[in-house]
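Per numbering that gives the first Met the number 0, the sequence shown starts with residue 0, numbered consecutively.
By construction, the Cβ of each residue, glycine as well, lies at the ideal position given by its N, Cα and C atoms.
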Amino acid sequence: MSSFLNNFFGMILNLIFEGIVLLVPVGALGVTIIMFTLVTRILLTPLQLKQQHTSRAMSKVQPELLALQKQYAHKTDQASKMEYSQEMQKLYQKYNINPLAGCLPLLIQIPLIYVLYNVLRQPSRYISKLKELYVVIADTIMDMVPNYEQVIDAVISVSPMTSTAQYELDKMGGGTLADKLSHFTTAQWAELTNIVPENVSLALTDLMQVKHDYEWFFVNLIDTPAQLVETGMYAALLVPILAGASTYIFSKISMANNKPAQPANSTPTSADMQTESMMKIMMNITPIMMGFFSYTVPSGLALYWISGNVIMMGQQAWIMKIVQKQEAILEEQLRKDREEAKLNAKKNRPKKQNPHGNKNLNRPPADGNGTPRPKKKRPNPNGEQPKKKRPPQVEDTEKVNLEKPVEGIVEDTQEIIVENNTDED
Numbered sequence: 000m001s002s003f004l005n006n007f008f009g010m011i012l013n014l015i016f017e018g019i020v021l022l023v024p025v026g027a028l029g030v031t032i033i034m035f036t037l038v039t040r041i042l043l044t045p046l047q048l049k050q051q052h053t054s055r056a057m058s059k060v061q062p063e064l065l066a067l068q069k070q071y072a073h074k075t076d077q078a079s080k081m082e083y084s085q086e087m088q089k090l091y092q093k094y095n096i097n098p099l100a101g102c103l104p105l106l107i108q109i110p111l112i113y114v115l116y117n118v119l120r121q122p123s124r125y126i127s128k129l130k131e132l133y134v135v136i137a138d139t140i141m142d143m144v145p146n147y148e149q150v151i152d153a154v155i156s157v158s159p160m161t162s163t164a165q166y167e168l169d170k171m172g173g174g175t176l177a178d179k180l181s182h183f184t185t186a187q188w189a190e191l192t193n194i195v196p197e198n199v200s201l202a203l204t205d206l207m208q209v210k211h212d213y214e215w216f217f218v219n220l221i222d223t224p225a226q227l228v229e230t231g232m233y234a235a236l237l238v239p240i241l242a243g244a245s246t247y248i249f250s251k252i253s254m255a256n257n258k259p260a261q262p263a264n265s266t267p268t269s270a271d272m273q274t275e276s277m278m279k280i281m282m283n284i285t286p287i288m289m290g291f292f293s294y295t296v297p298s299g300l301a302l303y304w305i306s307g308n309v310i311m312m313g314q315q316a317w318i319m320k321i322v323q324k325q326e327a328i329l330e331e332q333l334r335k336d337r338e339e340a341k342l343n344a345k346k347n348r349p350k351k352q353n354p355h356g357n358k359n360l361n362r363p364p365a366d367g368n369g370t371p372r373p374k375k376k377r378p379n380p381n382g383e384q385p386k387k388k389r390p391p392q393v394e395d396t397e398k399v400n401l402e403k404p405v406e407g408i409v410e411d412t413q414e415i416i417v418e419n420n421t422d423e424d
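In structure tokens, the structure reads:
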């Protein structure tokens, strides 16, 4: 499977190089790597779009997911677990959410990076023109240098092969002279031109210039920055610096876009805070690791990472426009579903029974002391003041009737007083 993917992406790399070299011979390998990166990012765009949509949609349906968890929290039997799983699947299908889409791009990119590493660390194996160029250089050396094997061994003794190059040559059983030359660093080529006779060096001049034009893109893309720094080319330090800086900027943009929007009154949970803390740690550690790797691998692979980060920054802005439109549709659907759920809950709510019976239905509510509140008077629609009711008038006959008993009591009192005075006399 690995060899198939190596050959597949190597074929794409070769096709791009064949087109680029016709337009721009100088720096053809560097431009090819950038275009190759663009092609791979375009192929991964649907997966990246699905990942962004899933990440933001999962945060939007979080209330529904929590409600399901609460509903089945105390149900531990197998039937309830199956029902809970089915309800979750229905919820995901209803809102077009695929939980696996969040990790699918990562699962694809990890083997892809490994394949690209194999292709870009030995481009002459997959790019036909580079392979042909090394064969011509090897044939020239074998024709003009009788003891070329001893010369090559002398070069390697002064400037040893890298561990990666030696590993590749060992897999090929030592490889041909062209295979060895394709893994030569800049320092080894300089040592070779110093050892061979002058006529051989002159014969190789034009071929070496073509090789330089193909592989040069500000630095030699076959060499690692560490090897270039050893030769005194300190500008190669920009390669790992740019790789780390572009990784940090892209991680910061990606983290901001993937962060779910929290309601204004919500308080982040401990799990949310822990997740955010881990993301910040990864955002700071990943660029450092990427810078270190870029210092020790061929500069062509580091160029792939740098150009990939820059392309993904622009890709992220375009993806977010599409995701925000999808998010608006999802929010509207969620709003309607939640309103419908509230109405259904009100309809299904049992009615409260009046403890006082039907006689008290029209009675105004009592205040804190239990005294019924007086009914409010309705304002007159014509703007006139309401007429006050006069108290009923008491007739004169009633007054007379009230006075008569008083007069009778007074007369009886006077008679009793007179009788008492007579007895004393």
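Please state whether DSSP places residue i in a helix, a strand or coil.
{"i": "Phe217", "result": "coil"}
{"i": "Asp138", "result": "helix"}
{"i": "Phe249", "result": "helix"}
{"i": "Met87", "result": "helix"}
{"i": "Lys74", "result": "coil"}
{"i": "Asp222", "result": "coil"}
{"i": "Tyr294", "result": "helix"}
{"i": "His52", "result": "helix"}
{"i": "Arg124", "result": "helix"}
{"i": "His182", "result": "coil"}
{"i": "Ser2", "result": "helix"}
{"i": "Val209", "result": "helix"}
{"i": "Met311", "result": "helix"}
{"i": "Gly18", "result": "helix"}
{"i": "Tyr233", "result": "helix"}
{"i": "Thr163", "result": "helix"}
{"i": "Pro239", "result": "helix"}
{"i": "Ile318", "result": "helix"}
{"i": "Gly299", "result": "helix"}
{"i": "Gly29", "result": "helix"}
{"i": "Asn256", "result": "helix"}
{"i": "Val399", "result": "Interpretation of Val399 is limited by its pLDDT of 45, a score under 50 that renders its predicted location unreliable; the figure taken from the coordinates is listed afterwards. Here Val399 sits in helix by DSSP."}
{"i": "Pro98", "result": "helix"}
{"i": "Val417", "result": "Residue placement at Val417 is flagged as unreliable, the pLDDT there being 48, under the threshold of 50; a coordinate-derived value is accordingly withheld."}
{"i": "Gly9", "result": "helix"}
{"i": "Ser158", "result": "coil"}
Is residue i close to chain D, meaning its C-beta is less than 8 Å from at least one C-beta of that chain?
{"i": "His52", "result": "Within the model displayed, chain D is absent; a lone protein chain is all it includes."}
Could you tell me if residue i is buried or exposed, where buried requires 16 or more neighbouring beta carbons within 10 angstroms of its beta carbon?
{"i": "Thr161", "result": "buried"}
{"i": "Thr204", "result": "exposed"}
{"i": "Asn95", "result": "exposed"}
{"i": "Ala301", "result": "buried"}
{"i": "Tyr166", "result": "exposed"}
{"i": "Leu21", "result": "exposed"}
{"i": "Ile280", "result": "exposed"}
{"i": "Val154", "result": "buried"}
{"i": "Tyr233", "result": "exposed"}
{"i": "Gln70", "result": "exposed"}
{"i": "Tyr133", "result": "buried"}
{"i": "Leu115", "result": "buried"}
{"i": "Pro110", "result": "exposed"}
{"i": "Val218", "result": "buried"}
{"i": "His73", "result": "exposed"}
{"i": "Phe3", "result": "exposed"}
{"i": "Gly173", "result": "exposed"}
Would you mind working out which of the options sits nearest residue i, comparing C-alpha positions?
{"i": "Pro224", "options": "Lys210, Ala242, His211", "result": "Ala242"}
{"i": "Val309", "options": "Thr246, Lys345, Arg334", "result": "Thr246"}
{"i": "Glu330", "options": "Val238, Ala56, Ile32, Trp317", "result": "Ala56"}
{"i": "Asp152", "options": "Ser200, Asp138, Ala316, Lys179", "result": "Lys179"}
{"i": "Lys89", "options": "Leu201, Met34, Glu63", "result": "Glu63"}
{"i": "Met34", "options": "Leu14, Val25, Glu148, Met143", "result": "Leu14"}
{"i": "Pro45", "options": "Ala137, Ile112, Gln314", "result": "Gln314"}
{"i": "Ala66", "options": "Met87, Lys80, Ala177, Ser79", "result": "Met87"}
{"i": "Val238", "options": "Ala202, Phe291, Met207, Ile252", "result": "Phe291"}
Do you know offhand how far residue i's Cα is from residue j's?
{"i": "Ile11", "j": "Val118", "result": "11 Å"}
{"i": "Thr75", "j": "Gln68", "result": "12 Å"}
{"i": "Ile19", "j": "Ile126", "result": "12 Å"}
{"i": "Arg124", "j": "Lys130", "result": "6 Å"}
{"i": "Met289", "j": "Ala244", "result": "9 Å"}
{"i": "Tyr294", "j": "Phe249", "result": "20 Å"}
{"i": "Trp304", "j": "Leu227", "result": "19 Å"}
{"i": "Ala296", "j": "Asp222", "result": "As written in the sequence, residue 296 is Val, which differs from the Ala given in the question. The straight-line gap from Cα to Cα measures roughly 8 Å."}
{"i": "Asn256", "j": "His211", "result": "42 Å"}
{"i": "Asn5", "j": "His52", "result": "31 Å"}
{"i": "Leu42", "j": "Lys49", "result": "13 Å"}
{"i": "Ala189", "j": "Met312", "result": "39 Å"}
{"i": "Lys322", "j": "Gln187", "result": "According to the sequence as given, residue 322 is Val; it is not Lys. Those two C-alpha atoms are separated by around 51 Å."}
{"i": "Ser276", "j": "Lys170", "result": "44 Å"}
{"i": "Gly299", "j": "Leu28", "result": "8 Å"}
{"i": "Leu201", "j": "Ile112", "result": "40 Å"}
Report whether the distance from the Cβ of residue i to the nearest heavy atom of the ligand FMN is below 7 Å.
{"i": "Lys93", "result": "Because no ligand of any kind appears in the structure shown, any question about the ligand FMN cannot be addressed here."}
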